[in-house]
Amino acid sequence: MTNTPILILSGKGKTGRRVAEQLTNRGVPFRLASRSSEQRFDWYDDSTWSPTIAGADTAYLAPPVGPTGLAQAGRFIKQAANEGLRRVVLLSGRGVGSPGRDFAVYDGSLDLEHAVKASGADWTIVQPAWFAQGFSEDFLRYHVLAGEIRLSAGTGAEAWIDTNDVGDVMTEALLDERHTGQTYAISGPRTLTMTEATAEISAATGRQITYVDLEPQQHVAELLEQGLSEEDAEAVRDLFAVIRNHRSEYVSDGVQQVLGRQPRDFADWARETAGTGVW
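And the structure:
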């Protein structure tokens, strides 16, 4: 365990917030770094990198989405290790580097994993399934509120994971060096198609919510209308193509390996989330 404050990059994101909360509860000092934090950090402005790295021993790295952002994160970790970073825990994606699941959309994430391993710093890589909180804290929330989830996931299934479980795993990896050199794939306890996930949210909210399966190019067109860049829209389409092609229909046991307990079920998450009024 580090004796200096843990650096949390993208500390106001879905996982970074939860890691910060866990560290606070344990009395472990940490330092947030983002565009809006006291320590300003920008993946796309390398003049902010050295001041952020200064004095850091251990870091949690949640990289930006898209090929450009992932390439920047690879450059950052190389510089950070050269400037004294000793240990890093990386948020990656389930399926990255797995035989038989080699989708091109994962290439940037795989390159980043390789950069972390080659950096000279000690590392742990955590590869989560899709976050359940995508339906409540991300763009899919607005689909739920509109009563219609419009995506190009087809009839494929995903083992959706509660982001709180992700935060718990990340925190353990940061604080216990026994996880050094390990890659953990983590997921929820069962797979659900988008239709099944939508049905669980409908049951939790008491409202009828439907899933509309879009053709991939129609999905891109709608994302562009919503303001995404073409690169980001195509990246989202390609990520859902992994589900659409039935390549996520499996359960991973990383939560059990790290935490010694079962991950939370999607239905339990949906019921609790509905009670918060977010939908």
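Take -12 as the starting number for the sequence shown in the numbering used here and just add one per residue. Where is the CB? At the ideal position from N, CA and C, for every residue including glycine. The model shown is predicted, which means the values in this text are computed figures rather than measured ones.
Three or more C-beta pairs under 8 Å: does that hold for the stretch 65 to 85 against the stretch 32 to 40? yes
Report, in whole angstroms, the separation of the C-beta atoms of E145 and A116, which I expect to be a contact under 8 Å. 6 Å
Please list the terminal residues of the continuous alpha helix (DSSP H) segment that includes T182. 181 to 192
Going by beta-carbon coordinates alone, are D125 and K1 separated by less than 9 Å? yes
Three or more C-beta pairs under 8 Å: does that hold for the stretch 222 to 238 against the stretch 134 to 141? yes
Which of helix, strand or coil DSSP assigns to L161: helix
Three-state class that DSSP yields for S96 in the structure shown: helix
Assess, as a yes-or-no matter, whether the stretch 204 to 220 is touched by the stretch 103 to 121 under the definition of 3 or more beta carbon pairs within less than 8 Å. no
What do you reckon, are the CB atoms on T178 and V83 nearer than 9 Å? no
If we require 3 or more residues per run, which beta strand (DSSP E) segments fall completely within the stretch 105 to 151? 109 to 115, 135 to 138
Nearest-angstrom Cβ-Cβ length linking Q59 and T158, presumed shorter than 8 Å: In fact, because the Cβ distance is near 25 Å, the residues do not count as touching under 8 Å.
What is the DSSP secondary structure of S21, counted as helix, strand or coil? strand
Output the distance between the C-alpha atoms of V199 and R251, rounded to the nearest integer angstrom. 26 Å
So the candidates are G168, A184, Q169; which of them puts its Cα closest to the Cα of G175? A184
Verify whether the separation of the beta carbon atoms of F253 and A119 is less than 9 Å. yes
According to DSSP, residues forming a beta bridge with Q197: One point to set straight first is that residue 197 is Thr, not Gln, in the sequence displayed. Note: T197 sits in a beta bridge opposite E135.
What does DSSP give as the partner residues of L77 in its beta bridges? L48, I112
Would F63 and L48 qualify as a contact pair, given that the criterion is a beta-carbon distance under 9 Å? yes
Buried or exposed by the 16-neighbour rule on C-beta atoms within 10 Å, applied to D163: exposed
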